[in-house]
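Okay, structure first, notes after.
There are 2 protein chains.
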Amino acid sequence: MITRAELAAWDAQDSLASFRDRFHLPDGVIYLDGNSLGPLPKAAVDRLQTVVNTEWGEDLIRSWNKNDWIGQPQRLGDKIGRLIGAAPGQVVAADSTSINLYKLLAAALPMRRDRKVIVSQRDNFPTDLYMVQGLMVQLGQGHTLRYADPNDIAASLDSDVAVLMLTHVNYRDAQMYDMAAVTKAAHDCGALVIWDLAHSAGAVPVSLDAAGADFAVGCGYKFLNGGPGAPAFLYVAERHHAEVRPVLAGWMGHAAPFDFSSDYAPAPGIKRMLCGTPPVLSMSALEVAVDLLLEADIAATRTKSQRLTQLFFDLVDQECSTFGFVSTGPSDLDRRGSQVSLTHPEGYPIMQALIDRNVIGDFRAPDILRFGLTPLYLRYVDLWDAIAVLKEVMATGAWDAPAYKVRAAVT
Amino acid sequence: MITRAELAAWDAQDSLASFRDRFHLPDGVIYLDGNSLGPLPKAAVDRLQTVVNTEWGEDLIRSWNKNDWIGQPQRLGDKIGRLIGAAPGQVVAADSTSINLYKLLAAALPMRRDRKVIVSQRDNFPTDLYMVQGLMVQLGQGHTLRYADPNDIAASLDSDVAVLMLTHVNYRDAQMYDMAAVTKAAHDCGALVIWDLAHSAGAVPVSLDAAGADFAVGCGYKFLNGGPGAPAFLYVAERHHAEVRPVLAGWMGHAAPFDFSSDYAPAPGIKRMLCGTPPVLSMSALEVAVDLLLEADIAATRTKSQRLTQLFFDLVDQECSTFGFVSTGPSDLDRRGSQVSLTHPEGYPIMQALIDRNVIGDFRAPDILRFGLTPLYLRYVDLWDAIAVLKEVMATGAWDAPAYKVRAAVT
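As you go down the protein sequences, you meet chains W and A in turn. My numbering puts the first residue of the first sequence at 1, with every later residue one more than the last. My numbering puts the first residue of the second sequence at 412, with every later residue one more than the last.
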């Protein structure tokens, strides 16, 4: 039997415990949705005040040079690179995950002009698939989107495959690919690989360079804690820089944007993947959030994440075994990202009842209750308390209320 | 002879004078670069604190519903629509100007599949041309970019033209097109028109619906005062909504994004032009800035803008006629936007000397000194004082210092 007292003892020994105070967490809330929107780093409050009042308010246009706004997409990109195993000069912060995926897809397909298949998985995050679909319709060159079995990607790879596009950690069941092995399998058949790190960056160790990755994108507002709609990032391996021709050929990626030439010429290196003017306010919040993550030991973070994962499932078994929940995703913790999901036919109202009681996860259609596990600000006792609320919601039937069945615009 | 006392009297009579106090303007600075980065509306400081501390910090993921983050791109789009003569349901705030241009170009070309020419002007803002160039290379369908004479657009229009893409107010010389007449000329030859309102929205009266416009984009951080890198906007006339197939087919433009279907289906109406998750912090600053602009009478704003324009040129004539400056752009004030430019072979160091003395305009290669005229926070005496500084810089030769000749990353 696990007890709350035992978990409090774990917390007392936690080498990461001091990070919790670096975040603003609402009183009484157990926040298990940092995989969807990370909480507010306290440092972001001060940073935004400086950016707004001083850099925008006082320095105005001079901030592009004086406060190096112009260098931020690359400076921040290099910092994110340290979280995902990318040497400097290969990552920029920019735009949204969707748009960055489009940039990479549109750049990659001409590098494999004689191949017409893009491989992904049907249960990839939908916007990834939509971006492929939009591009295929646009190009009209006979490309097809092939869905692979996530447990046997290699079976879908052949000499027709131009690009393999996968999300490293699945958004529903947390299944995590072996990036190096899958990349090698794709390269062996001549395909390029685009990794979506939306649920990986800041959550699990990633080694893009070591895995031989070609391209990657990722999200700023989930495990990176960059704030609502924070800019995303993209990675292009240095060996591809010269060959990558940006399709979204905006002035911020021009070799000499302030020459105001009427002809496009891509900047050397990763800078060419920039397009328009970056949203400085949102980018600045992301930068301090990434700075905070860089202070944490990634190995300790991973260890705690796996311990939280095992604990969550153990507590569900111990406290909630009679309520019909089914745990999803791999049982091997080394094949999982930093989130857990339970399926239940009444998943939607159950989640609303939890949120109403300040245990915040989210629901993913059709029947998934999803909980993000974020080692820097979650305590082991938080999982005890969350599962206690879940138990009470189920035991009392509190979830079965009409108000909890009204679907919100965003689930 | 114009005197400073006379201009002070004009200011005392100015019906817009009270708006100046709604902006944070640094002590001693005369800010003539609101056409590049608008100053900080005081309301944005409070709004951002609420968004950061309460909506992000306290409400967290619940804000998508509770604080209607999800509706913001359309809600803000409708507000911007009121500034540019667009009825509700035709404008969204999203992404950058460059990316929005790409969305519209990529949507418009398939609507004129048998035509292979895109017409613009060589002196359009470069990123507009780059986006066309990037798309043409990507498509490989034999499109060409034809440069029209800005004084005779019609001469470049024929039955090969798919799209006419123009910036309504030119970024260098402030020349403003007759939107209705040019749109009609394009429609008469079967072409679609994309208007870039980067230097129009918030600066001059615009009537997209009345002009019969097809598409438009614009910038959030110039005359809209939305903050550095604020999101941009785009307009699609309602009659085109059903036919427009988004190429950047992201989940925020999906008919049912939270069904998480693996197949793309565009949302009805303008919402389909959204792509990824919007940068809420930057978007929120833009929204209060637009709210502020909506309080001002646009006719009074235009009248004052034209009076500032005439005054600027008159003062240069009166005070600086011997220094070799040449005024650019149309002499007819009704054909001008809300900025003025002077050319001078030593434009770069002269502008640096001005900025060093707290008169802030900007330089545009190869030889343009550019000054934005923004009626809501500029006083007539500010122009007197700015020209007095220019006169002193020229008369003393202060501009001719080595420090002023070092080119910055951003000019």
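Beta carbons are placed, not taken as given, at the ideal position from N, Cα and C, and that holds for glycine.
Contact set between residue i and chain W, taken where Cβ atoms lie within less than 7 angstroms
{"i": "residue 472 of chain A", "result": "33, 36, 37, 360 and 362"}
{"i": "residue 481 of chain A", "result": "409 and 410"}
{"i": "residue 693 of chain A", "result": "279, 281 and 282"}
{"i": "residue 675 of chain A", "result": "130, 133 and 134"}
Where residue i meets chain W, residues with beta-carbon distance less than 9 angstroms
{"i": "residue 665 of chain A", "result": "126, 127 and 130"}
{"i": "residue 451 of chain A", "result": "52, 53, 56, 57, 58 and 60"}
Contacts that residue i makes with chain W (C-beta to C-beta distance below 8 angstroms)
{"i": "residue 476 of chain A", "result": "408, 409 and 410"}
{"i": "residue 706 of chain A", "result": "What residue 706 of chain A touches in chain W: nothing, since even the nearest Cβ is about 20 angstroms away."}
{"i": "residue 506 of chain A", "result": "95, 96, 99 and 276"}
{"i": "residue 632 of chain A", "result": "277"}
{"i": "residue 776 of chain A", "result": "258, 259 and 260"}
{"i": "residue 459 of chain A", "result": "48, 52 and 281"}
Nonlocal neighbours in the same chain, by C-beta distance under 7 angstroms from residue i, ignoring five residues either side
{"i": "residue 587 of chain A", "result": "579, 580, 615, 746, 747 and 748"}
{"i": "residue 413 of chain A", "result": "725, 726 and 729"}
{"i": "residue 647 of chain A", "result": "501, 626, 655, 681 and 684"}
Pair within 7 angstroms by beta-carbon distance, residue i and residue j
{"i": "residue 658 of chain A", "j": "residue 517 of chain A", "result": "yes"}
{"i": "residue 11 of chain W", "j": "residue 410 of chain W", "result": "no"}
{"i": "residue 744 of chain A", "j": "residue 720 of chain A", "result": "yes"}
{"i": "residue 638 of chain A", "j": "residue 281 of chain W", "result": "yes"}
{"i": "residue 539 of chain A", "j": "residue 740 of chain A", "result": "no"}
{"i": "residue 44 of chain W", "j": "residue 285 of chain W", "result": "yes"}
{"i": "residue 61 of chain W", "j": "residue 556 of chain A", "result": "no"}
{"i": "residue 597 of chain A", "j": "residue 511 of chain A", "result": "no"}
{"i": "residue 468 of chain A", "j": "residue 40 of chain W", "result": "yes"}
{"i": "residue 359 of chain W", "j": "residue 403 of chain W", "result": "no"}
{"i": "residue 72 of chain W", "j": "residue 394 of chain W", "result": "no"}
{"i": "residue 611 of chain A", "j": "residue 277 of chain W", "result": "no"}
{"i": "residue 405 of chain W", "j": "residue 366 of chain W", "result": "no"}
Run of the alpha helix (DSSP H) containing residue i, from where it starts to where it stops
{"i": "residue 845 of chain A", "result": "An answer regarding residue 845 of chain A cannot be provided, because it is not within the stretch 412 to 822 covered by chain A."}
{"i": "residue 713 of chain A", "result": "709 to 731"}
{"i": "residue 592 of chain A", "result": "590 to 599"}
{"i": "residue 694 of chain A", "result": "691 to 706"}
Selected residue, minimal CA-CA separation from residue i, among the options
{"i": "residue 654 of chain A", "options": "A:503, A:808, A:501 and A:522", "result": "A:522"}
{"i": "residue 158 of chain W", "options": "W:166, W:142, W:118 and W:181", "result": "W:118"}
{"i": "residue 524 of chain A", "options": "A:554, A:697 and A:462", "result": "A:554"}
{"i": "residue 593 of chain A", "options": "A:611, A:624 and A:582", "result": "A:624"}
{"i": "residue 700 of chain A", "options": "A:506, A:796, A:439 and A:453", "result": "A:453"}
{"i": "residue 635 of chain A", "options": "A:751, A:439 and A:488", "result": "A:488"}
{"i": "residue 357 of chain W", "options": "W:161, W:298 and W:389", "result": "W:389"}
{"i": "residue 125 of chain W", "options": "A:670, A:759, A:613 and A:620", "result": "A:670"}
{"i": "residue 437 of chain A", "options": "W:32, W:59 and W:139", "result": "W:59"}
{"i": "residue 630 of chain A", "options": "A:446, A:440 and A:816", "result": "A:446"}
{"i": "residue 526 of chain A", "options": "A:433, A:574, A:544 and A:479", "result": "A:574"}
{"i": "residue 4 of chain W", "options": "W:398, W:379 and W:400", "result": "W:379"}
{"i": "residue 457 of chain A", "options": "A:766, A:756, A:698 and A:534", "result": "A:698"}
Contacts around residue i, its chain only, beta-carbon distance under 8 angstroms, and the 5 residues preceding and following it disregarded
{"i": "residue 705 of chain A", "result": "490, 493 and 494"}
{"i": "residue 253 of chain W", "result": "246, 266, 267, 271, 272, 273, 274 and 275"}
{"i": "residue 752 of chain A", "result": "583, 584, 585, 738, 739, 740, 775, 779, 780, 781 and 782"}
{"i": "residue 475 of chain A", "result": "481"}
{"i": "residue 591 of chain A", "result": "618, 621, 622 and 623"}
{"i": "residue 459 of chain A", "result": "692, 695 and 696"}
{"i": "residue 85 of chain W", "result": "205, 206, 207, 208, 209, 210 and 211"}
Close Cβ partners of residue i (< 6 angstroms) along its chain, the five nearest in sequence each way excluded
{"i": "residue 786 of chain A", "result": "427, 712, 715 and 716"}
Partners in chain A for residue i, counting only beta-carbon separations shorter than 7 angstroms
{"i": "residue 261 of chain W", "result": "537"}
{"i": "residue 138 of chain W", "result": "517 and 658"}
{"i": "residue 24 of chain W", "result": "468"}
{"i": "residue 4 of chain W", "result": "Residues of chain A passing the Cβ test: none, with the nearest at roughly 25 angstroms."}
Where the beta strand (DSSP E) containing residue i begins and where it ends
{"i": "residue 147 of chain W", "result": "144 to 147"}
{"i": "residue 629 of chain A", "result": "626 to 629"}
{"i": "residue 513 of chain A", "result": "Here residue 513 of chain A belongs to no beta strand (DSSP E); instead the alpha helix (DSSP H) covers 508 to 519."}
{"i": "residue 4 of chain W", "result": "Where residue 4 of chain W is concerned, there is no enclosing beta strand (DSSP E), although the alpha helix (DSSP H) it sits in stretches over 4 to 12."}
{"i": "residue 350 of chain W", "result": "Run containing residue 350 of chain W: none in the beta strand (DSSP E); it sits in the alpha helix (DSSP H), 347 to 356."}
{"i": "residue 193 of chain W", "result": "192 to 196"}
{"i": "residue 750 of chain A", "result": "750 to 754"}
{"i": "residue 572 of chain A", "result": "572 to 578"}
{"i": "residue 531 of chain A", "result": "528 to 531"}
Under 8 angstroms from the C-beta of residue i: neighbouring residues of chain A
{"i": "residue 74 of chain W", "result": "Per Cβ cutoff of 8 angstroms: no residues; residue 74 of chain W is ~12 angstroms from chain A at best."}
{"i": "residue 231 of chain W", "result": "690"}
Chain A residues whose Cβ lies nearer than 9 angstroms to that of residue i
{"i": "residue 45 of chain W", "result": "460, 463, 464 and 468"}
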